[in-house]
Structure formats: structure tokens, C-alpha cells
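1 is the number of the first residue of the sequence shown in full-length UniProt numbering; add one for each residue after it.
Following: one structure in C-alpha cells, then a few remarks.
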Amino acid sequence: MSAAAILLEVEDLSISFPTDVGLARAVEGVSFVLREGETVGIVGESGSGKSMTAMAIMGLLPKKAVVTGSIRFRGKELVGLSDDKLREIRGKDIAVVFQDALTALNPVMRVGEQLDEAVRVHRPDTTASERRARAIELLDVVGIPSPELRVDRYPHEFSGGMRQRVMIAMSIANEPDLLIADEPTTALDVTVQAQVLEVLREVQRRTGTTVLLITHDLGVVAGTADRVMVMYAGGLVETADVDPLFYETAHPYTAGLLASLPRLDRRSSREERLYQIAGQPPVATAWPVGCRFAPRCAHAVAGLCDAATPPPVAVGEGHTAACVRVDEWQKEAVL
Ligand SMILES: Nc1ncnc2c1ncn2[C@@H]1O[C@H](COP(=O)(O)OP(=O)(O)OP(=O)(O)O)[C@@H](O)[C@H]1O
Ligand code: SF4
Ligand SMILES: [Mg+2]
Numbered sequence: 001m002s003a004a005a006i007l008l009e010v011e012d013l014s015i016s017f018p019t020d021v022g023l024a025r026a027v028e029g030v031s032f033v034l035r036e037g038e039t040v041g042i043v044g045e046s047g048s049g050k051s052m053t054a055m056a057i058m059g060l061l062p063k064k065a066v067v068t069g070s071i072r073f074r075g076k077e078l079v080g081l082s083d084d085k086l087r088e089i090r091g092k093d094i095a096v097v098f099q100d101a102l103t104a105l106n107p108v109m110r111v112g113e114q115l116d117e118a119v120r121v122h123r124p125d126t127t128a129s130e131r132r133a134r135a136i137e138l139l140d141v142v143g144i145p146s147p148e149l150r151v152d153r154y155p156h157e158f159s160g161g162m163r164q165r166v167m168i169a170m171s172i173a174n175e176p177d178l179l180i181a182d183e184p185t186t187a188l189d190v191t192v193q194a195q196v197l198e199v200l201r202e203v204q205r206r207t208g209t210t211v212l213l214i215t216h217d218l219g220v221v222a223g224t225a226d227r228v229m230v231m232y233a234g235g236l237v238e239t240a241d242v243d244p245l246f247y248e249t250a251h252p253y254t255a256g257l258l259a260s261l262p263r264l265d266r267r268s269s270r271e272e273r274l275y276q277i278a279g280q281p282p283v284a285t286a287w288p289v290g291c292r293f294a295p296r297c298a299h300a301v302a303g304l305c306d307a308a309t310p311p312p313v314a315v316g317e318g319h320t321a322a323c324v325r326v327d328e329w330q331k332e333a334v335l
């Protein structure tokens, strides 16, 4: 494990929302640490709490959200900080790239003007020509050809992948220490996805920024992240460096996600359908008691798995899994 300084420390984070059908416990008891310069993936199915965790770090949760626990950025507590203070941090120290670049960009403003604005908000002392030079430089960093020409174009003149590159350029405009990318490639086709991920890697290499990459796709983190946190039903179920996660999988849910990945070395045929985890994820207003994966887990043991929420246990260096049968389930033949 890396010995780099701790950038972000999340401790026992819980986020809930009052709804018509009761309290939605979107995130519960999540703890993790991000170190300087690492790329960490959060993976999980829809509704598992990935975006809510990211929004809490950004201070962008809806007002009705109830947040407990602690989020410390360079030792400074972010939970409970005023909107003004959070706005200061956002975009400068912590920046985010969302999934939908088309709606996040202003359609009636040239790309260069939007980059200019992103820089000016946090560095009002810069001149217009300095900001234009910076905009061109940023477009170059994210691999946009002829940036000196493209800087004067509108978002609709860019392809989906190119727009996502522009979003990445905007997010790194002020050299943030932490870049959160929430499903940055989900809306793109496979080839363009790979290019955008390569841009993120290149940005990480050139700027040394810490990247938190959120995705429902384990394949995306495989080639991009150093470390992965797997979320299920509002909690972290497994955390590991990428290789141990893939080759020494310790949680049955992660094993299910891995088995449902398309593999290039396996020839697919009608007989060899892709594995799918049985059943549906539970909803945040009615989590199952005990291990929340139990209703879908082929290794569940009644009276044991549904007794209490399994705490994360260490299974290797920097590798934890929240499963009470962590030593036994692998010996069983089913997934
Ligand atoms: N404004 C809200 N009010 C009530 N519940 C909400 C609200 N926003 C999200 N939730 C609930 O919080 C839970 C976590 O949502 P979140 O958006 O973090 O999931 P996610 O892992 O990012 O999923 P996806 O892959 O679909 O983006 C979900 O169960 C959702 O129903
Ligand atoms: S605690 Fe039980 S139900 Fe949960 S993942 Fe482990 S074996 Fe499956
Ligand atoms: Mg999300």
C-alpha cells in the first residue's frame, strides 16, 4: 500500500433522506481514506450510494439529506461547513466530472468562454489573455486536436467524447487536489470510453491529482484505478488494490460482479450466456436485516448472515471484506 499523505478521510459516513415511504438510508457507515496521487474506483450497481457519497464530499447533497459522520479534506472537516466555504473548495481543491457532459456544458457559450469562467472564479487576478492561453493549454492536455481553433467553438460542434474531454478540462482548470469522476464514460460508446479513460489517466500522470472514479462497471476500474471500493446497498462490502480484488476476491458480491463481466478470452455462444447476479438490489427504504446481500447470495446461511450487518474484516494488506463467511464461501462450488 502507498505511504503517500492522506488527502481525504471519510469516517462512518451516513446519508439519509425522508421520503413518502419512510427514511431512505442511502449510505450507511462508510469509511475510507484517499491518499495523494492515487486513483481509486467506487463500483456498485445502480442505487448503491456511489453518487451520494461523491455528492457528500462535494457538499452538493440536497438540503433535505441528513448527513452524519465525518469527511476530512487535508484534515479539515467538510460536514456541516457553510455553503460559502464549500463553494470555495469546490472547483478549486475538489472538482467533479459528471456523466452527462451535454447538459453540464452551457450550449450558448463558446467552450473557451466556459473554461475562462472556470479559471476566473477561483483566480480573478488573471488577465483575459492569460486565461485564453490556459484554456488552449487545457484543451491540449485532454487531447483535443487544434485547441487554438476549437477554443472558439460551441459545445454542439464537439462529439460526445470530445465534450467529455472538455468537461475534464474544465474540472482540472484550477489544478484540484481531488478529481471526482462520476460515471464519466457511461454515456459513451466503448471505443470513446477507452479514449476518455486514457485522458483521465494522462491527466492523473501529468498533474498528480487524486482521482475518485465512480462506475457501475468493474471493467472500467480494472485498467484505470490503483484501488477499488465495492459498494452494495449503501455500504462498502470489499476494498482492495485492483489485482487482489480480481484474483483474491473475498466477497461473494464482488465475485458476482466479476462473473458478469464480458471476457475477451471467453468465446461467447448461446450456451455460454453471461452470468447475472440473481434477483434485484434492495431499496434504500427497506434494507434487509443483517448482510444486505443475503437475499441474493448463494452462500447465505440463515441465522448467521441475517443476524447482524457484517463488519469489514481484514483479509490481506489493505484488503477488507464485509462477509461473515469470508473464510468458507470460496470452498463452495456455486457463485
Ligand atoms: N433526493 C433523494 N431523495 C430520496 N432518496 C434519494 C434521493 N437521491 C437518491 N436517493 C436514494 O439514495 C440511494 C443511493 O443513490 P445514488 O444516486 O447514490 O446511487 P448510485 O450508486 O449513484 O446509482 P447509479 O448507478 O444509478 O447512479 C438510492 O437508493 C436512491 O433511491
Ligand atoms: S455474509 Fe453471508 S450473505 Fe453476506 S455475503 Fe457473506 S456469505 Fe453472503
Ligand atoms: Mg450515481
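By construction, the Cβ of each residue, glycine as well, lies at the ideal position given by its N, Cα and C atoms.
Spatial neighbours of Gly41 in its own chain (CB-CB distance under 6 Å, excluding positions within 5 residues in sequence) are listed in chain order as Leu213, Val221, Ala225, Val228.
For Ile57, there is no enclosing beta strand (DSSP E); the enclosing alpha helix (DSSP H) has its first and last residue at 50-58. A direct Cα-Cα distance of roughly 30 Å separates Leu139 from Ala5. Taking non-hydrogen atoms of ligand 1 into account, the C-beta of Val237 is found less than 7 Å away from none of them. Residue pairing for Asp241: DSSP places it in a beta bridge opposite Arg227.
The beta carbons of Ala104 and Met167 sit closer together than 8 Å. Between Ser16 and Ala26 a beta carbon distance of about 6 Å is seen, short of the 8 Å cut, so the two are scored as contacting.
The three-state reading of DSSP puts Leu197 in helix, counting H, G and I together. Glu45 has its CB no nearer than 7 Å to any heavy atom of ligand 3. A distance criterion of 7 Å places the beta-carbon of Arg134 beyond contact range of ligand 2, judged by its closest non-hydrogen atom.
At a threshold of 7 Å, Lys50 counts as near ligand 3, since its beta carbon sits closer than that to one of the ligand's heavy atoms.
Contact check for Val192 against Ala169 fails: the beta carbons are separated by 8 Å or more. In the structure shown, Gly256 adopts helical secondary structure according to DSSP, grouped into three states. Considered as a whole, the region 82-162 harbours 83-89, 101-104, 111-122, 128-141, 147-150 as its complete alpha helix (DSSP H) runs of no fewer than 4 residues, in chain order. A Cβ-Cβ separation of about 29 Å leaves Arg87 out of contact with Arg153 under the 8 Å criterion. With contacts defined by Cβ atoms closer than 8 Å, Thr210 and Leu61 do not form a contacting pair.
Leu304: not part of any beta strand (DSSP E); DSSP gives it neither H nor E. In the same chain as Glu175, and ignoring 5 residues on each side of it, the C-beta atoms closer than 8 Å to its own belong to Thr207, Thr209, in chain order. In this chain, the beta strand (DSSP E) harbouring Gly29 covers 22-35. The three-state reading of DSSP puts Ser171 in helix, counting H, G and I together. No Cβ-Cβ contact shorter than 8 Å links Val67 with Phe32. The C-beta separation of His251 from Val230 comes to about 7 Å, placing the pair in contact by the 8 Å criterion.
With respect to Leu218, Leu257 sits close: the two C-beta atoms are nearer than 8 Å.
For Leu13, no alpha helix (DSSP H) segment is defined; the enclosing uninterrupted segment is the beta strand (DSSP E) at 6-19.
In the structure shown, Val313 adopts extended strand secondary structure according to DSSP, grouped into three states. The C-beta of Tyr253 has 16 or more other C-beta atoms within 10 Å across all chains shown, which makes the residue buried. Where Gly41 is concerned, the enclosing beta strand (DSSP E) starts and stops at 39-43.
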